[in-house]
Amino acid sequence: MQNSPLVPIVPERYFEGIGTPHGNMPAESLFALIKERVARHGSDPAFVAQEGSWTLCEAWQRALALAGRLHKAMAGEPCPVVVFAEKNLTQAAAFLACLRLGVPWIPITPGTTDLRTRHVLGQAAPFVLVHDAALPTPESGELAEAILAHDPFGAITPPGVLPPPPDPTATVVVAFTSGSTGVPKGVPVSLGSIVRQCRYAHDYMGLRPDDRQFHLGNMRFSLVQQMLQPFLGDGATILMPVEATASDCIAAMLGDRCTQLGGWAGFLGLLARHPGGREAFAHVRSVNVFSDGLTWKEVADLRALLPDDAVLGYSYGLTETYHILLDHLGPTQPDGKLHMGLPVRGVELWFEGEPERDADG
């Protein structure tokens with residue numbers, strides 16, 4: 205271990221329960237579990253966003269209602285669902301609807317460059333497009349088979365007869381890369397792998413009903429786990445708007461007992477340096493840093509704010525999709541090297557050969 209700057213070591217006991225009983229459960233059992241949880245804890249919070257909040261019961265009802273509309277729009281020919289919306293309740297409803305139908309969910313954040321958007325849509329076609337009712341129909345909408353506007357607080361329409369639950373191997377997410385190293389590439393993610401990650405996160409973090417998982421910054425695929433987590437475990441997901449300030453986030457973290465936090469490197473640095481940062485990070489048990497903007501000194505400063513047993517993980521590009529969603533433990537690069545590890549309590553996992561590491565000590 206001393207010969208490598210990477211520490212991809214995860215105790216075997218953390219993986220013992222990933223495949224069973226929930227990781228590889230039949231889809232029928234998964235949705236039966238969700239139905240039971242909604243029936244017993246329907247008044248618990250599921251999502252809190254800038255535009256409002258949903259309980260577990262309301263979130264699932266709205267997801268099924270959207271699933272019914274999507275099923276009707278597809279006219280018996282299942283296809284991907286492209287979602288133009290901010291990281292908000294519409295994205296959550298669309299994601300859950302895609303899980304129920306067993307079709308790929310492809311989120312596109314408004315403001316994404318037209319060239320990348322058109323490339324993604326070209327790869328996704330034929331598809332049904334869902335957009336937030338508060339936003340205009342996207343200019344690229346002419347490529348869609350059908351366009352559905354979603355109002356997160358509109359009337360809830362019964363879904364009608366839905367198809368049987370999908371197989372656990374069904375692709376329910378396609379994660380597209382940014383395209384910074386070429387054209388955007390799509391990576392399929394199965395229903396079973398998402399369930400495995402949710403169970404892993406729940407058991408590993410020891411989530412409680414009063415826990416809150418905060419997601420900061422633009423759409424990121426660790427949000428996939430956080431959108432299903434309230435239905436399989438405990439705690440609500442807080443969807444902070446992109447325009448939220450550091451003070452906004454600190455206040456929300458203090459008010460809602462933030463225990464899991466994911467966000468861009470620069471913004472997390474602002475939170476760490478904020479006067480209320482130490483108090484806000486006191487209950488955080490997991491931080492996932494997006495991008496490569498933190499120096500090793502900043503990593504040490506962030507670690508100093510966290511409890512000793514907290515997880516500090518780092519994700520960048522496709523490695524996040526591979527390791528967070530696909531449980532991929534093999535090489536991710538042509539040279540055969542493993543550039544990323546899964547989180548371990550109290551251990552930082554970073555790319556090999558970070559030039560700042562030596563400079564920062």
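Under the numbering used here, the residue at position 186 of the sequence shown is numbered 390, and the numbers go up by one with no gaps.
Think of the CB as a built atom: it goes at the ideal place given N, C-alpha and C, for glycine as much as any other residue.
Since the model is a prediction, treat every value here as computed from it, not as a measurement.
Does residue i come out as helix, strand or coil in the three-state DSSP assignment?
{"i": "residue 313", "result": "coil"}
{"i": "residue 434", "result": "helix"}
{"i": "residue 373", "result": "coil"}
{"i": "residue 333", "result": "strand"}
{"i": "residue 449", "result": "coil"}
{"i": "residue 351", "result": "strand"}
{"i": "residue 259", "result": "strand"}
{"i": "residue 390", "result": "strand"}
{"i": "residue 242", "result": "helix"}
{"i": "residue 279", "result": "coil"}
{"i": "residue 494", "result": "strand"}
{"i": "residue 285", "result": "strand"}
{"i": "residue 485", "result": "coil"}
{"i": "residue 338", "result": "coil"}
{"i": "residue 510", "result": "coil"}
{"i": "residue 533", "result": "Residue placement at residue 533 is poorly supported in this model, since its pLDDT is 35, which falls under 50; the coordinates still yield a value, given next. The answer is coil: DSSP assigns residue 533 none of H, G, I, E or B."}
{"i": "residue 359", "result": "coil"}
{"i": "residue 503", "result": "helix"}
{"i": "residue 399", "result": "helix"}
{"i": "residue 378", "result": "strand"}
{"i": "residue 428", "result": "helix"}
{"i": "residue 475", "result": "helix"}
{"i": "residue 366", "result": "coil"}
{"i": "residue 270", "result": "helix"}
{"i": "residue 411", "result": "coil"}
Identify the continuous beta strand (DSSP E) that holds residue i and give its terminal residues.
{"i": "residue 462", "result": "462-468"}
Confirm, please, whether the CB-CB distance from residue j to residue i is below 7 Å.
{"i": "residue 323", "j": "residue 377", "result": "no"}
{"i": "residue 269", "j": "residue 260", "result": "no"}
{"i": "residue 411", "j": "residue 439", "result": "yes"}
{"i": "residue 304", "j": "residue 253", "result": "no"}
{"i": "residue 417", "j": "residue 401", "result": "no"}
{"i": "residue 478", "j": "residue 450", "result": "yes"}
{"i": "residue 306", "j": "residue 374", "result": "yes"}
{"i": "residue 337", "j": "residue 354", "result": "yes"}
{"i": "residue 395", "j": "residue 372", "result": "yes"}
{"i": "residue 275", "j": "residue 333", "result": "no"}
For residue i, which residues from the same chain have a beta carbon less than 7 Å from its beta carbon, with the 5 sequence-adjacent residues on both sides left out?
{"i": "residue 309", "result": "285, 287, 298, 299, 302, 376 and 377"}
{"i": "residue 153", "result": "This structure does not reach residue 153, given that the chain is present from 205 up to 565, and the question cannot be answered."}
{"i": "residue 257", "result": "249 and 251"}
{"i": "residue 245", "result": "260"}
{"i": "residue 453", "result": "420, 444 and 475"}
{"i": "residue 487", "result": "461, 462 and 463"}
{"i": "residue 232", "result": "369"}
{"i": "residue 505", "result": "476"}
{"i": "residue 413", "result": "248, 438 and 439"}
Could you give the C-beta distance for residue i and residue j, rounded to a whole number, given that I count them as a contact under 8 Å?
{"i": "residue 484", "j": "residue 458", "result": "5 Å"}
{"i": "residue 350", "j": "residue 277", "result": "4 Å"}
{"i": "residue 481", "j": "residue 509", "result": "6 Å"}
{"i": "residue 255", "j": "residue 356", "result": "6 Å"}
{"i": "residue 379", "j": "residue 393", "result": "6 Å"}
{"i": "residue 289", "j": "residue 335", "result": "6 Å"}
{"i": "residue 456", "j": "residue 442", "result": "6 Å"}
{"i": "residue 493", "j": "residue 469", "result": "5 Å"}
Sorted by chain position, which residues of the same chain lie with C-beta nearer than 8 Å to residue i's C-beta, five sequence neighbours on each side aside?
{"i": "residue 247", "result": "259, 260 and 261"}
{"i": "residue 326", "result": "347"}
{"i": "residue 538", "result": "For residue 538, the pLDDT reaches just 45, beneath the cut-off of 50, and the residue's location in the model is therefore unreliable, although a value from the coordinates is still provided. Excluding residues within five positions, none has a Cβ falling inside 8 Å."}
In the DSSP assignment, the alpha helix (DSSP H) including residue i goes from what residue to what residue?
{"i": "residue 443", "result": "From DSSP, residue 443 is part of no alpha helix (DSSP H) but of the beta strand (DSSP E) over 440-443."}
{"i": "residue 419", "result": "Not the alpha helix (DSSP H): residue 419 falls in the beta strand (DSSP E), residues 416-419."}
{"i": "residue 252", "result": "Segment 249-253 is the beta strand (DSSP E) holding residue 252; no alpha helix (DSSP H) there."}
{"i": "residue 323", "result": "318-328"}
{"i": "residue 304", "result": "293-305"}
Who are the Cβ neighbours of residue i in its own chain at under 6 Å, not counting the five residues just before and after it?
{"i": "residue 237", "result": "none"}
{"i": "residue 273", "result": "352"}
{"i": "residue 296", "result": "251 and 431"}
{"i": "residue 282", "result": "307"}
{"i": "residue 436", "result": "402"}
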